[in-house]
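Asks: Numbering (the numbering used here), first residue to last: 66 to 414.
1. Taking residue 357 as the reference, give the member of 79, 177, 70, 71 with the closest Cα.
2. Judging by CA-CA distance, which residue of 378, 284, 175, 406 is the nearest neighbour of residue 192?
3. Answer with buried or exposed for residue 359, where buried requires no fewer than 16 other C-beta atoms within 10 angstroms of its C-beta.
4. To which residues of the same chain is residue 398 closer than 7 Å at the C-beta, ignoring the five residues directly before and after it?
5. Alpha carbon to alpha carbon, what distance is there between residue 314 and residue 141?
6. Going by DSSP, name the residue or residues bridged to residue 341.
7. Could you name each continuous alpha helix (DSSP H) segment of 4 residues or more that falls completely within the region 138-185, going from the start of the chain to the end?
8. With 16 as the cutoff for other CB atoms within 10 Å, does residue 288 come out buried or exposed?
9. Taking DSSP as the reference, what is the three-state secondary structure of residue 380?
10. Run through DSSP, which three-state label would residue 312 get?
11. Using a Cβ-Cβ cutoff of less than 6 Å, which residues in the same chain neighbour residue 365 once the five nearest sequence positions on both sides are dropped?
12. With a cut-off of 8 Å, do at least 3 Cβ pairs link the region 79-99 to the region 288-305?
13. With DSSP run on the structure shown, which of helix, strand or coil describes residue 222?
14. State buried or exposed for residue 147, treating a residue as buried only when at least 16 other CB atoms are found within 10 Å of its CB.
15. According to the neighbour-count rule (16 or more other Cβ atoms, all chains shown, within 10 Å of its Cβ), is residue 250 buried or exposed?
16. Ordered along the chain, which non-local residues of its own chain (more than five positions away) have a Cβ less than 7 Å from that of residue 190?
17. Between which two residues does the beta strand (DSSP E) containing residue 364 stretch?
18. In this structure, does DSSP put residue 318 in helix, strand or coil?
19. Is it buried or exposed for residue 118, if we count other Cβ within 10 angstroms and need 16 for buried?
20. Over what stretch of residues does the alpha helix (DSSP H) that includes residue 248 continue unbroken?
21. Going by other Cβ atoms of all chains shown within 10 Å of its Cβ, with 16 needed for buried, is residue 156 buried or exposed?
22. Residues in the same chain with beta-carbon distance under 7 Å from residue 235, minus the five sequence neighbours each way, listed in chain order, please.
23. Hey, which unbroken runs of the beta strand (DSSP E) at 3 residues or more fall wholly within the region 71-144?
24. Would you call residue 373 buried or exposed, if buried means 16 or more other Cβ atoms sit within 10 Å of its Cβ?
25. Residue 69 bridges to which residues according to DSSP?
26. Measure how close the beta-carbons of residue 198 and residue 355 come, nearest whole angstrom, since I'm counting them as under 8 Å.
27. Do the region 381-393 and the region 220-238 make contact, defined as three or more Cβ pairs closer than 8 Å?
28. If I measure Cβ to Cβ from residue 145 and keep anything under 6 Å in the same chain, skipping five residues before and after, which residues do I get?
29. Considering only heavy atoms of the ligand ADP, does any lie closer than 7 Å to the CB of residue 147?
30. Taking residue 262 as part of the alpha helix (DSSP H), name the residues at either end of that continuous run.
31. Please report the distance separating the alpha-carbon of residue 177 from that of residue 154.
32. Could you have a look at residue 398 and say whether DSSP puts it in helix, strand or coil?
33. Grouping DSSP H, G and I as helix and E and B as strand, with all else coil, what is residue 413?
34. Measuring only the C-alpha atoms, how far is residue 238 from residue 143?
35. Can you list, in chain order, the residues of its chain whose CB lies under 7 Å from that of residue 324, leaving out five sequence neighbours each side?
36. According to the neighbour-count rule (16 or more other Cβ atoms, all chains shown, within 10 Å of its Cβ), is residue 336 buried or exposed?
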């Protein structure tokens, strides 16, 4: 049996999809599992064992090899028996239908139920979707194909090349033998998710001076300047960053795996921590925590209770960005200290 699995488009969502991949692998372990995914998320699953092959798909790309027609050709050549759609788009449901797969499992959203043989119904209140963990949302797709109940524990791996790169990074920045806290200031969703850069800088300095840890600031290729600003603002030799490194998801995964704690905005690397069992403090602003709850027990989520939050907007519609600016360094520091044995656990109010 050949099973095509359309993976989510966001880094964090792919991590939250790993329990579903594990469930499908247990059910179809002797069959062929083919992952269909955006090229930029492929490294999230690098080193894992569930998929037998990968088809890269990005309808917005300039590369014709990863667009609809060529991807459909690859799907037809794979002779799929079943398709699992973690994506909610009409376009991917159509590709699943055109692939020739006799079983097509997905959520009946965007008017696409007729394209599916197993259309699942999301929980709704009136015309609105009820917020709930997408991790569980994905698992329901596996159960629809007859998979046994699966643990919600996320799972990732690193490759030898990633560990080699981190070994060199640890030596370069004198992190060998040090207790390291990683900071992640990214937010591909939009500017509304970002915590002020100067707050991160002050937090980093306090972690070094008051908790005797080294701090490593993570970043993606488009966030180098922010990471460099945090290091400059902290102004301490034990605060370093990836700003001048050859950055990739593999490196970020390996850095988080070696960390004692991750402090992060609500973005993809947050879920790396849960997958590697690393405690994490997540700073929430405009987003509803319910959607991205990953059931990780060693997590502290900080979010202010404001009349305007969570608004789910990429940019603050009111212009003040209070949901993040009013979340103080002291509040975050106290949560960090609680995880590292330096204080009581706290939550934003």
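No residue lacks a Cβ here, since even glycine has one placed at the ideal position from N, Cα and C. If you're wondering where the values come from, they're calculated on a predicted model, not measured in any experiment.
Replies: The structure says:
1. 79
2. 175
3. buried
4. 268, 271
5. 30 Å
6. None, per the DSSP bridge assignment.
7. 155-163
8. buried
9. coil
10. In the displayed model, residue 312 falls within coil according to three-state DSSP, outside both helix and strand.
11. 346, 400
12. no
13. coil
14. Its Cβ being crowded by 16 or more others within 10 Å, residue 147 is buried.
15. buried
16. none
17. Residue 364 -> beta strand (DSSP E) spans 364-367.
18. helix
19. exposed
20. Premise fails: residue 248 lies in the beta strand (DSSP E), 245-249, not in any alpha helix (DSSP H).
21. exposed
22. Once the five neighbours on either side are set aside, the close Cβ partners of residue 235 are 241.
23. 97-102, 118-121
24. exposed
25. 99, 148
26. With a Cβ gap of about 7 Å, residue 198 and residue 355 count as contacting.
27. Output reads no: the region 220-238 does not touch the region 381-393.
28. Excluding sequence positions up to five before and after residue 145, its CB lies within less than 6 Å of the CB of 67, 69, 164, 166, all in the same chain and listed in chain order.
29. The ligand ADP is not part of the structure shown, which contains no ligands of any sort.
30. 262-276
31. 8 Å
32. helix
33. Its pLDDT being 44, under 50, residue 413 is placed unreliably in this model, and the value from its coordinates should be taken loosely. It is coil, neither helix nor strand.
34. 47 Å
35. 245, 246, 247, 343
36. With at least 16 other beta carbons inside 10 angstroms of its own, residue 336 counts as buried.
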